[in-house]
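Student: Here it is: the structure, laid out below.
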Amino acid sequence: MNQNDFVDEAEDPSHSPEERARAASTSTWVSVGVNTVLTIVQVVVGVLSKSQGLVADGIHSLSDLVADFVVLLASHHAKKDADEDHPYGHQRFETAASLVLGGLLLAVGIGMLWSAVLKLQSPETVPTVHGIALWVAGAALVAKETLFRYMLAVAKRVKSSMLVANAWHARSDAASSLVVGLGIVGNLAGYPILDPIAALIVGFMVGKMGWGFAWDALHDLMDRSADEQEVEAIRQTLLQTPGVQNVHDVRTRKMGDMIVVDAHIEVDATISVEAGHEIAVLARQRVLLRHRVLNLMTHVDPWRRPDLDHA
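Its first residue numbered 1, the sequence shown is counted upward by one per residue in the UniProt record's numbering.
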């Protein structure tokens, strides 16, 4: 599952920017509280118990705090209305936030990999950790998995890729806590080297997830189209509009979690310009009502006549 795993059904109601902002604010402040506690506990206990894996996991939790504030900032800007400089609104602040989150995860992952590699080069210096580190790792695993499930449920309800990215950031922490716990168990069982190996695995997991989010967000900022299923649903809505005889050249581009659409609709060539305009207006209203489309630009062509746009 990833941030592209939800698609609006044809009859789904849209979600207002205000609703998205409220959901983002509430879930993110919950995450801030959880990650603040985890960061302090993991780093302090990790240092005292001499567990590199637990310290790395605490730094990962600290990166979540930074990510949470990035989400809050992006949500504040994304809910702004369109203006002269941003005629399509500010929805791409969400995409930019997803890019920042991905970059943050990638940077944290690389840092963790580097630290673990340095430790593995001198395995004789790896100490035996204290048993309390295992209890903290277990508690962190439960807290992060619970936070992930809560945040993902909110994200899917309002269909926000930015919130999905932040939820999976929490899941990456849960996975890292699991690996760290296993490394601590191995260390306590007489294999100290397993603790930095756990930190190495966590670093790889975090970096890989960060790359995925950053790459997807970058494509969206480059006007990537909506998926084929959603484009076909929009096409069918246009075709079912009274007066529309055919549809072609349906083009889409992502605008945050919304979509901007251009489409050519074909109408009876013998009707008046006013009648053709009314059909286009109705088609636009139906698409905006049924799909998460921010704007639809229609071009009216005569039905069964040469399309001179392609001459």
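Using N, Cα and C, we set each Cβ at its ideal position, and we do this for glycine too.
Are the region 265-276 and the region 106-126 in contact at 8 Å, needing three or more beta carbon pairs?
Tutor: As far as the Cβ criterion goes, the region 265-276 does not touch the region 106-126, which means the pair count is below three.
Student: Among GLU124, ARG290, ILE259 and ASP195, whose alpha-carbon lies nearest the alpha-carbon of HIS130?
Tutor: Of GLU124, ARG290, ILE259 and ASP195, the residue nearest in Cα terms is ASP195.
Student: Which whole-angstrom value describes the C-beta separation of TRP215 and GLU266, a residue pair presumed to lie in contact below a C-beta threshold of 8 Å?
Tutor: At roughly 38 Å, the Cβ-Cβ gap does not stay under 8 Å, so TRP215 and GLU266 are not in contact.
Student: Any idea what DSSP makes of VAL129, helix, strand or coil?
Tutor: VAL129 falls in the coil class under three-state DSSP.
Student: On the criterion of 16 or more Cβ atoms from any shown chain inside 10 Å, does PHE69 qualify as buried, or is it exposed?
Tutor: Counting Cβ neighbours within 10 Å, PHE69 comes out exposed, since fewer than 16 surround it.
Student: Compare the beta carbon distance of GLY181 and GLY138 with 8 Å and say whether it is the shorter of the two.
Tutor: Taking 8 Å as the Cβ cut-off, GLY181 and GLY138 qualify as a contacting pair.
Student: So for THR146, helix, strand or coil by DSSP?
Tutor: THR146: helix per DSSP, three-state reduction.
Student: Could you spell out the range, first to last residue, of the beta strand (DSSP E) harbouring residue 318?
Tutor: Outside the displayed range of the chain (1 to 311) lies residue 318, so it cannot be described from this structure.
Student: Where DSSP assigns a beta bridge to HIS248, which residues make up the other side?
Tutor: According to DSSP, which records beta bridges pairwise, HIS248 is partnered with HIS264.
Student: Which partner residues does THR298 have in the DSSP bridge list?
Tutor: According to DSSP, THR298 bridges with ALA263.
Student: Tell me whether MET112 sits in a helix, a strand or coil according to DSSP, three-state version.
Tutor: Three-state result, MET112: helix.
Student: Suppose you measure from the CA of GLU248 to the CA of LYS159; what does that come to, to the nearest Å?
Tutor: It should be noted that the sequence gives His, not Glu, for residue 248. So the alpha carbons of these two residues sit roughly 28 Å apart.
Student: Just the Cα atoms here: how many angstroms apart are ASP12 and ARG290?
Tutor: Because ASP12 carries a pLDDT of 38, less than 50, the predicted location of this residue cannot be relied on, and the following value inherits that uncertainty. Distance between the alpha carbons of ASP12 and ARG290 is about 6 Å.
Student: Looking at the secondary structure, which residues open and close the alpha helix (DSSP H) in which ALA283 lies?
Tutor: First-last of the alpha helix (DSSP H) with ALA283: 273-290.
Student: Taking 8 Å as the CB-CB cut-off, is THR298 touching chain B?
Tutor: Reference to chain B is not applicable here, since this structure consists of a single protein chain.
Student: Is MET255 helix, strand or coil by DSSP?
Tutor: DSSP places MET255 in strand when its eight states are reduced to three.
Student: Taking the alpha helix (DSSP H) that ASP195 belongs to, which residues open and close that run?
Tutor: Its alpha helix (DSSP H) spans residues 194-221.
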